[in-house]
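Visitor: These protein sequence lines are chains S and V, in that order.
Numbered according to full-length UniProt numbering, the first sequence terminates at residue 224, and the numbering increases by one at each position without gaps.
Numbered according to full-length UniProt numbering, the second sequence terminates at residue 224, and the numbering increases by one at each position without gaps.
2 protein chains.
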Amino acid sequence: MDIPQPIISTVDIVLLLIKDERLCVTLSKRDKDPYENQEALPGGYIHAEEDRDCLDAAVRILRQKTGLLPPYLEQLKTFTGAARDPRGWSISVAYFALVDADLILSSANPGLTICPVDALRRLPFDHNEIIAAAVDRIRNKSQYSSLPCYLAGETFSLPRLQKIYEACLGEALHKVSFRRKMDELGVLEAVPGQTESAGAHRPAQMYRLKSEFKNQLKLLVRGL
Amino acid sequence: MDIPQPIISTVDIVLLLIKDERLCVTLSKRDKDPYENQEALPGGYIHAEEDRDCLDAAVRILRQKTGLLPPYLEQLKTFTGAARDPRGWSISVAYFALVDADLILSSANPGLTICPVDALRRLPFDHNEIIAAAVDRIRNKSQYSSLPCYLAGETFSLPRLQKIYEACLGEALHKVSFRRKMDELGVLEAVPGQTESAGAHRPAQMYRLKSEFKNQLKLLVRGL
DNA sequence: AGAATAGTGTCTGTGAGACATTATAAA
DNA sequence: TTTATAATGTCTCACAGACACTATTCT
Numbered sequence: 001m002d003i004p005q006p007i008i009s010t011v012d013i014v015l016l017l018i019k020d021e022r023l024c025v026t027l028s029k030r031d032k033d034p035y036e037n038q039e040a041l042p043g044g045y046i047h048a049e050e051d052r053d054c055l056d057a058a059v060r061i062l063r064q065k066t067g068l069l070p071p072y073l074e075q076l077k078t079f080t081g082a083a084r085d086p087r088g089w090s091i092s093v094a095y096f097a098l099v100d101a102d103l104i105l106s107s108a109n110p111g112l113t114i115c116p117v118d119a120l121r122r123l124p125f126d127h128n129e130i131i132a133a134a135v136d137r138i139r140n141k142s143q144y145s146s147l148p149c150y151l152a153g154e155t156f157s158l159p160r161l162q163k164i165y166e167a168c169l170g171e172a173l174h175k176v177s178f179r180r181k182m183d184e185l186g187v188l189e190a191v192p193g194q195t196e197s198a199g200a201h202r203p204a205q206m207y208r209l210k211s212e213f214k215n216q217l218k219l220l221v222r223g224l
Numbered sequence: 001m002d003i004p005q006p007i008i009s010t011v012d013i014v015l016l017l018i019k020d021e022r023l024c025v026t027l028s029k030r031d032k033d034p035y036e037n038q039e040a041l042p043g044g045y046i047h048a049e050e051d052r053d054c055l056d057a058a059v060r061i062l063r064q065k066t067g068l069l070p071p072y073l074e075q076l077k078t079f080t081g082a083a084r085d086p087r088g089w090s091i092s093v094a095y096f097a098l099v100d101a102d103l104i105l106s107s108a109n110p111g112l113t114i115c116p117v118d119a120l121r122r123l124p125f126d127h128n129e130i131i132a133a134a135v136d137r138i139r140n141k142s143q144y145s146s147l148p149c150y151l152a153g154e155t156f157s158l159p160r161l162q163k164i165y166e167a168c169l170g171e172a173l174h175k176v177s178f179r180r181k182m183d184e185l186g187v188l189e190a191v192p193g194q195t196e197s198a199g200a201h202r203p204a205q206m207y208r209l210k211s212e213f214k215n216q217l218k219l220l221v222r223g224l
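1) Using a Cβ cut-off of 8 Å, pull out every chain S residue sitting near V/Ala133, in sequence order please.
2) Are the CB atoms of V/Ile114 and V/Lys19 within a distance shorter than 8 Å?
3) Would you identify the three-state DSSP class for S/Lys218, choosing helix, strand or coil?
4) List the residues that DSSP assigns as beta-bridge partners of S/Ile131.
5) Measure the C-alpha to C-alpha separation of S/Ser157 and S/Pro70 and round it to an integer number of angstroms.
6) So if I threshold CB-CB distances at 8 Å, which residues from the stretch 68-81 of chain S count as touching chain V?
7) Identify whether V/Ser90 lies in helix, strand or coil by the three-state DSSP scheme.
8) Closest by CA to S/Leu27, which one among S/Gln216, S/Thr10, S/Arg122?
9) Hey, S/Gly43 and S/Thr78: beta-carbon distance below 8 Å or not?
10) Run through DSSP, which three-state label would S/Met1 get?
11) Could you tell me whether any Cβ in chain S is nearer than 8 Å to the Cβ of V/Pro86?
12) For S/Glu49 and S/Leu188, I'd like the C-alpha separation in whole angstroms.
13) Is it buried or exposed, V/Leu112, if we count other Cβ atoms within 10 angstroms and call 16 or more buried?
14) What does a CB cutoff of less than 6 Å around V/Leu185 pick up in its chain, not counting 5 residues either side in sequence?
15) Got a sec: is the Cβ-Cβ distance from S/Ser145 to anything in chain V below 8 Å?
16) Alpha carbon to alpha carbon, what distance is there between S/Lys32 and V/Tyr144?
17) When the distance is taken between beta carbons, is S/Tyr35 closer than 8 Å to S/Pro124?
18) Which of the three DSSP states, helix, strand or coil, is assigned to V/Tyr45?
19) In three-state terms, what does DSSP make of S/Phe213?
20) Would the stretch 54-70 of chain V and the stretch 162-175 of chain V be scored as touching if the rule is three or more Cβ pairs under 8 Å?
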């Protein structure tokens, strides 16, 4: 039985959020070689002694680099090969996380940058490709699920939620249909008496996720 | 900088096909410990010296264990952790492949077994979970894509293709709608003059994938 | 009062499923 | 000629988008 050659095993995380009605990714300044001091996806080695599995590692790395545990976290895709890392053959299990922008902006972590996904410069490793996969994923799931609600924070108006969906999908949505679909999803409830004023016009009713859907995606039979 | 602990890095493949109108998975008898001589998903170590990336490794392993290159192969999901392999902390990058049953049954590889996915016994490692993820994937993609066509071989009748879709989805489909959708997909062309007789009734027109779609999935705007 | 957006009611075209009818080869 | 399934035409109901109208608050 041949002993396999050692392979670098890491986890990288695409932490997405909405800022100024645009879909953005969280970048972290690298504190080690290779690419020391450059902006890249937050990531790190798998610690076999400490992490039970890769999801565990992702949670640990998120805590270390951003100080928060996002309300949505799932495996995205695994990126592998001899060419993607100057240290040699590597595996990166990429994760996909969503968070309300206020949480990051308020925690004011110095090493972090928020950058719109459609205005990224060339990043180290294959991180542009990883982010592209994450954008594909959110585009796809936003068409038929409550996924973008995790970008919206505790309470939000329907007009704001529609803007978030539109930022995820990259296209404008029809208001009546959007509201019908949100109603059909059935994951939202109005917050009694709470409204949001935004100028010289009627204020918007605020909504929140029903508690039973806080940790559970809901899917539409037919998409938006 | 801490040197990470070595992690076992493997690739496993869920090779699906239709046999007797049922969705089946290809199992391979293990030739090494752990679980020597037991049926499990075909898989093996990543060879960092030889494989450019994991897709490369999957192709190599498929060639070694089954002797064929399936017309459809994509990454499925990565399974990781300390608990899934008795040898220790491991990463398995799982792949998802589709093939026409005739190809496997004709190659008559002795180490292979074909087993319906809904009649599996307990398999080594977390292979039941990996297969469940593959079944989820094919169920999902069959709803809105030409994916199941890769299970159908070179030429096939529409009634047979419908049976294949039904096996993938696990539910009966409406004939008229199914045909409308196949027409809308636009990936099929009739094979002039070729029909299939199957009893005392009108024979079925045979179809094949248009050559431009042989290596490309086509998606429906609205599902089946 | 006017402006501007929130929120809702109604109409219409598209499309999916139901049903029915025709087509065709084997027995 | 019967039988069984292939293949297609037609009807109807549901739904998505278009449009129009009402509601409400700030200026």
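In this text, a Cβ means the ideal position worked out from N, Cα and C, and glycines have one as well.
Guide: Walking through what the data contain:
1) None at all; the shortest Cβ gap to chain S is about 10 Å.
2) The answer is yes: Cβ separation under 8 Å.
3) S/Lys218 falls in the coil class under three-state DSSP.
4) According to DSSP, which records beta bridges pairwise, S/Ile131 is partnered with nothing at all.
5) Taking the straight line from one Cα to the other gives about 21 Å.
6) So the list reads Gln75, Lys77, Thr78, Thr80, Gly81, given in the order they occur along the chain.
7) V/Ser90: strand per DSSP, three-state reduction.
8) Looking at the Cα atoms, S/Arg122 is the closest of the given residues.
9) Not closer than 8 Å, so no.
10) Reliability fails at S/Met1, whose pLDDT of 44 lies under 50, so the model's placement of it is uncertain and the value that follows must be treated cautiously. DSSP places S/Met1 in coil when its eight states are reduced to three.
11) Answer no: the Cβ-Cβ gap between V/Pro86 and chain S never drops below 8 Å.
12) Roughly 41 Å between the two C-alpha positions.
13) Classification of V/Leu112: buried, given that the 10 Å Cβ count is 16 or more.
14) A distance below 6 Å between beta-carbons, with the five flanking residues on each side excluded, links V/Leu185 to the following residues of its chain, in chain order: Ser146, Lys218.
15) With 8 Å as the cut-off, S/Ser145 does not count as an interface residue toward chain V.
16) If I take the Cα positions, the gap works out to 44 Å.
17) For S/Pro124 and S/Tyr35, yes; Cβs fall inside 8 Å.
18) Correct three-state label for V/Tyr45: strand.
19) DSSP places S/Phe213 in helix when its eight states are reduced to three.
20) Look at the beta carbons and you see the stretch 54-70 of chain V not touching the stretch 162-175 of chain V: under three pairs across the two are nearer than 8 Å.
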